[in-house]
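Here's the structure we're looking at; comments come further down.
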Amino acid sequence: MGIFTYHVRDQKEKARQHILYALAGTIFFMPLQLIAMEVCFILTLGLAIYYMARYGRPRQSSQPLNVPAICFGIVALLSLHATATPLRSTAFYIYTLGQYLALYYVVQTFVRGAGERKQLCYVFLLAAAAVTVCGFGQYILSPVETNIWVDKDAFPFLSRRMYAPLYNPNLLAQFLVIALCVSISVPCKHPYLVWGKRILTLALVGAVILTYSRGAWLALAALCLYLGWVENKRWWLWFLCVPLLFGWYHDTLYARWISLFSVSQEDTSLAMRWSMWKAALTMAGTHPILGIGWGEFKTIYPQYNWFIKHAGICIYHAHNMFLNILAETGMTGFFFFLWFYGGNWYYARCYDIHNHQESYIPLLMGGIIIGTTVCGIGDFDLFATQLSMTFWLWCGIFANWFSENNLRNNSH
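In this text, residue positions in the sequence shown follow this note's numbering: the first is 988, and each later residue adds one.
Below, the structure written as structure tokens:
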């Protein structure tokens, strides 16, 4: 049975279908409109609570990564014990990590069967197509002289970057990399869907390039290496396109790319990152057990940087996913996060994608972990609610697939 199955007579099944309708709305609006996403997700939670109050919790097999996910949530909450603003910090925790864990639970609990998982993938790809259209529209229609998200001193030939509808080119690039993993992995049988998926995949690659996000470019390369390693070595032929792109857009693409491997006085982003990374390590050394508190980097960092403190600039995160989590939740939280994060990679690689039902699920989960890791080295895009919701959504779908697969194997 699929999500969009009508005329369901059983009241219990109808109640579950209503949860999936609201969840589909949450997924569609996830990258497009934050308020609409929140409205749909609140509706999803309300319907899920009603379902469990009336019919009980749906049966599912044990999921080994639930333990580190729950423990990470508990440690992150305990890390707020010494915060100067407990109410604000607790509210931020509920809005972020509390919401992510709730989405993870709902997805792995209420989605059933290969058909529903694939339909959720199609809803996500529809949202990705809308994001791509918005992005290209913003890039084409933006006046060159606006110089939004552009450093003219470091890159004089770079006049604009794609950032809509997530308002930040790095956030958009991270979402596009995740969408690419899904677009490449999800199988289609109908010829129209196959060609539509191919066009969307090429559009997503083009959009990632036009964000001029260097971390996302590295993630594309890592994703290509990963796909060639686990699926088909012909994926590596795409690297032949790189010299052509650099030759055609030498002043913009090549200059942006080569800046990754060189130090320039005009490009201050690397120096700022070094400062934030050193501060994050110092914070972790000062508060090794529980860290400085979930979401507290922006309030603590000015104490480690005189210029930021006196300039009144707010730096929200450490621009490194792993160091930020280490600083905010300490070694304890970092341990459980790595257990959960690395566990998704481990279990995704445990299955032979060539000889397994729904092989695209572990394939795309492995790609998402690869892309998020590479992007997370130079930035912390999951700080944004919409990006973290996207990441935890796919963790939930993978957990749902894993649990159902275990249940099927145990029944045999």
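Ideal Cβ placement from N, Cα and C applies to all residues, glycine included.
- Nearest neighbour of H1068 by Cα position, chosen from T1133, I1276, A1305, turns out to be I1276.
- The region 1271–1285 and the region 1018–1025 do not touch, with fewer than three beta-carbon pairs separated by less than 8 angstroms.
- Taking a contact as a CB-CB distance under 8 angstroms, the pair V1195 and V1173 does not count as one, their CB atoms being some 18 angstroms apart.
- The three-state reading of DSSP puts Q1020 in coil, since its state is none of H, G, I, E or B.
- Within its own chain, the residues whose Cβ lies closer than 6 angstroms to the Cβ of G1215, once the five positions on either side in sequence are excluded, are W1222, W1223, listed in chain order.
- In the structure shown, the three-state DSSP call for T1359 is helix.
- Distance from G1278 to G1317 at the Cβ level is roughly 4 angstroms; contact confirmed, criterion being Cβ atoms closer than 8 angstroms.
- Segment contact: the region 1068–1077 against the region 1308–1325, fewer than three CB-CB distances shorter than 8 angstroms; contact not assigned.
- In the three-state reduction of the DSSP assignment, P1230 falls in the helix class.
- Between the region 1258–1272 and the region 1301–1309 there are three or more C-beta pairs closer than 8 angstroms, enough to call the two in contact.
- With a cutoff of 8 angstroms on beta-carbon distance, N1157 and G1202 are scored as near each other.
- Using a 10 angstroms sphere on the CB of D1366, the tally of other CB atoms reaches 16 or more, which defines it as buried.
- Restricting attention to I1081, Q1290, G1060, the CA atom closest to the CA of T1269 is found in Q1290.
- Here T1188 is not near L1210, since their CB atoms are 8 angstroms or more apart.
- Taking a 10 Å sphere around the C-beta of P1230, we find fewer than 16 other C-beta atoms and assign the residue as exposed.
- Burial of I1006 is indicated by the presence of at least 16 other C-beta atoms within 10 angstroms of its C-beta.
- Judged by DSSP in its simplified three-state form, C1337 adopts coil rather than helix or strand.
- With respect to the 8 angstroms criterion, L1128 and P1018 are not classified as neighbours on the basis of their beta carbons.
- At least 8 angstroms separates the beta-carbon of G1329 from that of P1051.
- Secondary structure of P1289 (DSSP, three-state): helix.
- CA-CA distance, Y1241 to T1198, rounds to 14 angstroms.
- Note that the region 1084–1096 touches the region 1376–1384; at least 3 beta-carbon pairs, one per stretch, sit closer than 8 angstroms.
- Sorting V1217, R1185, I1014, T1377 by C-alpha distance to the C-alpha of C1337 places V1217 at the top.
- Q1050 sits in coil when the DSSP states are folded into three classes, being neither helix nor strand.
- Taking 8 angstroms as the upper bound for CB-CB distance, Y1288 and F1370 are not in contact here, some 13 angstroms apart.
- By the neighbour-count definition (other C-beta atoms within 10 Å, threshold 16), V1361 is a buried residue.
- In the DSSP assignment, M1149 falls outside any alpha helix (DSSP H), carrying neither H nor E.
- Between the beta-carbon of F1142 and that of R1243 there is about 6 angstroms, and that keeps the pair under the 8 angstroms contact cut.
- If you check the CB distance, T1239 and L1145 come in under 8 angstroms.
- Separation of V1131 and Y1150 (C-alpha to C-alpha, rounded to the nearest whole angstrom) is 14 angstroms.
- If only complete runs of 4 or more residues are kept, the region 1177–1205 shows the alpha helix (DSSP H) at 1178–1198, in order along the chain.
- Setting aside the 5 residues that flank it on each side, I1186 has no residue in the same chain whose C-beta is closer than 8 angstroms to its C-beta.
- Collapsing the DSSP output to three states places K1139 in coil.
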